[in-house]
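Single-structure report; data block below.
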Amino acid sequence: MNTFYFLALNGLTMAALLFIMASGLTLAFGLMRVVNLAHGAFYLLGGYVGVQVIRDTGSLPLGILAGGAVALVGGLLMERFLLQRVRGLDLSEALLTIAVGLIIADALLVVYGGQPVSLPLPRELRAPVDLGVMMYPYFRVLIMIFAVLLGIALWLVMTYTRLGAAIRAGVDDRETAMTQGINVPLLFGGVFAVASFLAGVAGVIGTSYMSLTQGLDVRVLMLSLVVIIIGGMGSLKGAAVGALITGMVSSFATGYLPQFALFFLFLPMTLILVFRPQGLFGRVT
Amino acid sequence: MKREYLIIVMILVALAAWPLVMGNYAVSQANRAMIYALAALSFSLLAGRLGWFSLCQTTFAGISGYTIAILGVRFGLPFPLVVTLALLLTTLSAVIFGLLTVRSRKVSFLMLTLALGQMVWALSFQWVDVTGGYNGIAGVRMPVYGDLNLNDTRVFYALVTTVTVAIYLAVWRLYRSPFGLLLLGIQENEQRMRALGHPVALARFTAFVLAGAIAGVAGVFLVYDMGIMSPSPLGLGHAVWVLTAAVLGGYRSLLGPAIGVAVLIALETLVSQYTDRHMMVIGVVLLLSILLMPRGLAEVAEQYFTRKSKPQASVTTTTRGEEP
Amino acid sequence: MKYAKTLIVSSISALAVGATAHLQADDTLRIGVIGPTTGVFSFFGDQQRMGVELAMEELAEQLEALNIEVEFYDSQGDAETTVDRLRAMESRDDVDLVVGPVLGGTGLAGLEWAKGSGMPTVISYSAPEDITMRDRAENVVRAGWTGAQPMFAFGEYVAEELGHRRIIAVGQDYSFPYNQLGGFLKGFCAAGGESVERIWHPTGTSDYSSILATLPDGDALLYNGAGSDGLAFFQQYYDFGIDAQMPLLGGSNFFAVGDLPEMGEQAIGGLSALQYAEGLETDNFQAFRDAFWAMHGDEVMPLAPAEHGYVAFMMAVNAFESANGGDRDALIAALRETEMPDAPRGPFHLDEYGNPVQNIYINEVQEVDGRLVNVPIETYENVSQFGPFDAEEYLAGEPDSRDFPPGDCSDPYYD
């Protein structure tokens, strides 16, 4: 029974991390129809910078903010100087983000080298805490809490604030929203900035869990895509459910059939594509 | 009409002359260019006719390559049988992928093919019993028929060039056939095509399978050219490389993908002598192509040679829209 | 706009000419060095390159006297690119001898190509055993090791000196860890071990918590992997407190390459085995290390890939010297006769299959002068790629795989 709890908790941790990774991607896609394929590269960028700040200052929150901030700046620059030139051409936007992702990843290789980098967590964060059913590392519990808080915050903003209403209006009918005095380009820039920020934050938090290395950008992108394909592209709720399914299946598969872990990672996605191609919570376009 | 045949004859002459005047390395580079020109053609068939940007065409080439490596090296089956089975299996995987993706559009198609392609890449990496994992399967060789050694660079060149040219000519015919026009029509206005009673979904699916089969042919040559099959050709890097070449050359035209591949290989060969930053080079080329030349080199060249602003409907058929 | 187009067209024509231009064959001898200096494995390629650069500086006089030029190539850690670069070396750049490749897969691709081309090749760090065993080629020798080579001794050490009887082996699911564990088992069972239970995970796994949750009992855990996988495994092993139940032993790359500074002081006391140790205190080694630091700065520790590149390059230059030029047959003959009595890692010579017979060190991670290093605590001398076994017998046996040799030491295979 203990093993069961252990695997379930592992699945939850992974789900939490997957949600943090995928939320930015799905947000930008849902609101702007922009799929940011540089998402993985922003994750890597945030991770490297965040870890360096943590090493230099010893402050974890500062590192997380710094990682998010640098990805935010990167996202803003990309949106302003590249994506806006081809606004409305979905594919051009996607291809531009691929190009930017390649450039960022290669630049990071020059600056930080090819060795894997891990997050120097303080000992008290690595220590296990008692969860009632079993002992579990403290920082993993924190990742789960953070993911839940993030999900609630995003949901509240989108559903109950004027900002959320403005964003939804901008998505549904751009022209009408603009005549209502909503500054749509600014709004979209803001959303994109937040999405990039989340990618950077995920990079720092994720590094406590898997070390940063070249090629991780593609893996993160792939995992995020799997999650939002399951949940339905653009749906926040879908990202949460997709992350949960992927995390759980992957954890139990790794525990009992490690050699086929990867197959099980992709199994839910394939099933979804066959039986419900728009994803669990996706809208039919 | 005359112009077109003139261009074709010029290209054929250049291709025939290449191995006679160039050194071994240039010929082996040309072999690679042919292989990737096929992969890029497979990409362009979907991108130019249907607006479907696929990141899994290199995956089909990889599936074909692995089939050849496994059946040829592990089981020692004869060459013609191995190639036939490889193409069959690739087509079959294209059918499966096609069923999974046929309903998606534009960006979601891009994301789906990315995820599916990465899935196969990960399998090739991790299903070690079958694929040999990271180390791959070595010792893939073409047969030797008497004095004719198909592994010889120049013999291989003759073979791969003949097949590539034949496939390009076939696709040229296809682009001008009713089926090709139907695909363009679907890209332009799907509703209307459906209202006119055309089998839209079936046409899309057929194009996808066809493109997969072309990529499969590229995979056959790829694995024999390298002598080893490893996961890397299935990776995202190769998929993006092919995409970049097609965008650079102009995926809407017939010759665009070939031009893009040739230029990109030349550029890489040159750049690799000075710097290791090849990923950045690809990134920058892709970025600049999209921003400055959304229609690709093919059209720039055509305008340069014809000195006309209006593109003519010829070998380099183009359609409306500036995407990308 | 018209000018822009003229520019594009003419620059492409220039490109085409430039890219296919040839170097003329001349009296200059050329060594091509290939390794992954970009991509996931760039650490290995960079180390090799730094080692070669050091050797170039030390051998500057010979290089000039023999008129040898050196050219570096990036394999990108990719088999296809490796073959392409090797082709460029032979038919475009007129290279006479190749040093590298570095990684397992690219090494096999390089071997495959070298068989067809006949190019004299000194493989450096790449460790698949068949390069110098079942698939060996006359023109290919190795300056490094096979995966099993250091592990025969480690298995023996773990059974005899540490007294462990039952080992849980977790590892990355591909041929290099299979080979490492194969060597370990052969040494371990011969020295009185009882059993090894294998758990393989896909390369690129980042979360080991579920594997750790379902671990069987054993006397010690041997982890066979490196890079980001190894680092993640190491951290989670301690996060979940498994170290209190079983000590953690490392495969050859686990504590040895690059990841050690990231592991932190928890790594102290970690045991592994390799034909190299950056904590060696021999004069030859310290001279090498100090020269390396003088050239590349002392924040970079020269590790095995650097030394293997350094030594491989020296073997190449020695071969040119005794062949007195670039004649292929003479070069290959000279390479196969290689003896390196003063190599930094310790003396070695090549066996008749072209792989070094060398010292294997059992290394312990210790803190020396404020940094973590692998310090040798036991030396096994003159270990060949066949370990304690007869070459013919070993070659006749099955290659190591996911479940071969058997994990149970009482299996008739070990009689």
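Quick note, the sequences are listed as chains L, Z and F, same order.
Heads up, the first sequence is in the numbering used here, so the first residue is 1 and it goes up one at a time.
Heads up, the second sequence is in the numbering used here, so the first residue is 286 and it goes up one at a time.
Heads up, the third sequence is in the numbering used here, so the first residue is 610 and it goes up one at a time.
C-beta atoms are modelled at their ideal positions from N, C-alpha and C, and glycine is treated no differently.
In this text the structure is predicted, and so the values were computed from the model without any measurement.
Going by beta carbon distance, what residues of the same chain come within less than 8 angstroms of residue i, once the five residues before and after it are set aside?
| i | result |
| --- | --- |
| residue 667 of chain F | 900 |
| residue 993 of chain F | 758, 960, 964, 966, 1000 |
| residue 690 of chain F | 683, 684 |
| residue 120 of chain L | 51, 54, 55 |
Which residues bound the beta strand (DSSP E) around residue i?
| i | result |
| --- | --- |
| residue 958 of chain F | 957–959 |
| residue 986 of chain F | 980–992 |
| residue 859 of chain F | 857–859 |
| residue 833 of chain F | 829–833 |
| residue 883 of chain F | 880–883 |
| residue 731 of chain F | 730–732 |
Determine the extent of the alpha helix (DSSP H) in which residue i is found, giving its start and end residues.
| i | result |
| --- | --- |
| residue 999 of chain F | Note, residue 999 of chain F: premise wrong, no alpha helix (DSSP H); not H, not E. |
| residue 496 of chain Z | 485–511 |
| residue 185 of chain L | 184–207 |
| residue 278 of chain L | Taken as a continuous stretch (DSSP letters only), residue 278 of chain L belongs to no alpha helix (DSSP H), as it is neither H nor E. |
| residue 970 of chain F | Looking at the DSSP string, residue 970 of chain F is not in any alpha helix (DSSP H); the run it does join, the beta strand (DSSP E), is 965–977. |
| residue 550 of chain Z | 541–556 |
| residue 400 of chain Z | 391–411 |
| residue 3 of chain L | 2–32 |
| residue 737 of chain F | No alpha helix (DSSP H) contains residue 737 of chain F, which DSSP labels as neither H nor E. |
| residue 840 of chain F | 836–848 |
If you drop the 5 nearest sequence neighbours on each side, which residues of the same chain put their C-beta closer than 7 angstroms to that of residue i?
| i | result |
| --- | --- |
| residue 68 of chain L | 46, 197, 200, 201 |
| residue 589 of chain Z | none |
| residue 70 of chain L | 45, 46, 49, 200 |
Excluding the 5 residues flanking residue i on each side, which residues of the same chain have their C-beta closer than 6 angstroms to its C-beta?
| i | result |
| --- | --- |
| residue 651 of chain F | 645 |
| residue 860 of chain F | 789, 833 |
| residue 493 of chain Z | 383 |
| residue 830 of chain F | 777, 855, 857 |
| residue 288 of chain Z | none |
| residue 893 of chain F | 951, 953 |
| residue 63 of chain L | 50, 53, 54, 204 |
| residue 996 of chain F | 761 |
| residue 510 of chain Z | 316 |
How many whole angstroms separate the CB atoms of residue i and residue j, which I take to be in contact at a CB cut-off of 8 angstroms?
| i | j | result |
| --- | --- | --- |
| residue 243 of chain L | residue 19 of chain L | 4 angstroms |
| residue 357 of chain Z | residue 425 of chain Z | 6 angstroms |
| residue 582 of chain Z | residue 533 of chain Z | 6 angstroms |
| residue 713 of chain F | residue 733 of chain F | 12 angstroms between Cβ atoms; not a contact. |
| residue 1012 of chain F | residue 411 of chain Z | Going by Cβ atoms, the distance from residue 1012 of chain F to residue 411 of chain Z rounds to 16 angstroms, so no, they are not a contact pair. |
| residue 921 of chain F | residue 708 of chain F | 5 angstroms |
| residue 717 of chain F | residue 420 of chain Z | 6 angstroms |
Looking at the C-beta of residue i, does it have a partner C-beta in chain B at a distance below 8 angstroms?
| i | result |
| --- | --- |
| residue 214 of chain L | Of the chains in the structure shown, none is chain B; the protein chains are L, Z and F. |
Is residue i near the ligand PLP - that is, is its Cβ less than 7 angstroms away from at least one heavy atom of it?
| i | result |
| --- | --- |
| residue 510 of chain Z | Ligands are entirely absent from the displayed structure, and the ligand PLP is therefore not among its contents. |
Pick out the complete alpha helix (DSSP H) segments inside the segment 634–691 of chain F, 4 residues or longer, and give them in chain order.
-> 651–667, 669–675
Length-filtered (4 minimum) alpha helix (DSSP H) runs lying within the segment 752–776 of chain F = The segment 752–776 of chain F is shown to contain whole alpha helix (DSSP H) runs of 4 or more residues at 758–769, in chain order.
Residue ranges of each alpha helix (DSSP H) run of no fewer than 4 residues wholly in the segment 66–154 of chain L, ordered along the chain?
-> 90–112, 123–126
Touch check for the segment 787–803 of chain F and the segment 717–728 of chain F: three-plus C-beta pairs under 8 angstroms?
-> no
Those runs of the alpha helix (DSSP H) which lie wholly inside the segment 314–357 of chain Z and span at least 4 residues | 342–354
The segment 300–310 of chain Z contacting the segment 431–446 of chain Z, beta-carbon criterion three pairs below 8 angstroms = yes
Would you be able to state if there are at least three C-beta pairs under 8 angstroms between the segment 879–891 of chain F and the segment 982–993 of chain F?
-> yes
Runs of alpha helix (DSSP H) lying entirely within the segment 430–465 of chain Z, each at least 4 residues, in chain order = Correct list: 438–461.
Evaluate the contact criterion for the segment 86–104 of chain L versus the segment 565–585 of chain Z: three or more CB pairs, one atom per stretch, below 8 angstroms.
-> For the pair of segments examined, the segment 86–104 of chain L was found to touch the segment 565–585 of chain Z: the number of CB pairs separated by less than 8 angstroms reaches three.
Pick out the complete beta strand (DSSP E) segments inside the segment 779–823 of chain F, 3 residues or longer, and give them in chain order.
-> 804–810
Taking the runs of the alpha helix (DSSP H) that are 4 residues or longer, which of them lie wholly in the segment 895–950 of chain F?
-> 913–932, 937–945
Determine contact between the segment 234–254 of chain L and the segment 3–15 of chain L, defined as no fewer than three beta-carbon pairs at a distance below 8 angstroms.
-> yes
In chain order, each alpha helix (DSSP H) run of at least 4 residues that lies wholly inside the segment 695–727 of chain F = 713–726
So, do the segment 466–480 of chain Z and the segment 335–346 of chain Z have three or more beta carbon pairs nearer to each other than 8 angstroms?
-> yes
May I ask you to verify whether the segment 730–750 of chain F touches the segment 446–463 of chain Z, counting CB pairs closer than 8 angstroms and requiring at least 3?
-> no
Does the segment 369–384 of chain Z come within contact of the segment 549–558 of chain Z, defined as at least 3 CB pairs closer than 8 angstroms?
-> no
Cβ contact (3+ pairs, closer than 8 angstroms) linking the segment 310–322 of chain Z and the segment 691–709 of chain F = yes
Does the segment 496–515 of chain Z touch the segment 262–280 of chain L, meaning 3 or more C-beta pairs lie closer than 8 angstroms?
-> In short, these stretches do not touch, since the Cβ pair count stays below three.
Could you tell me whether the segment 901–913 of chain F touches the segment 653–660 of chain F, using the rule of 3 or more Cβ pairs below 8 angstroms?
-> The answer is yes - the segment 653–660 of chain F touches the segment 901–913 of chain F, with three or more Cβ pairs under 8 angstroms.
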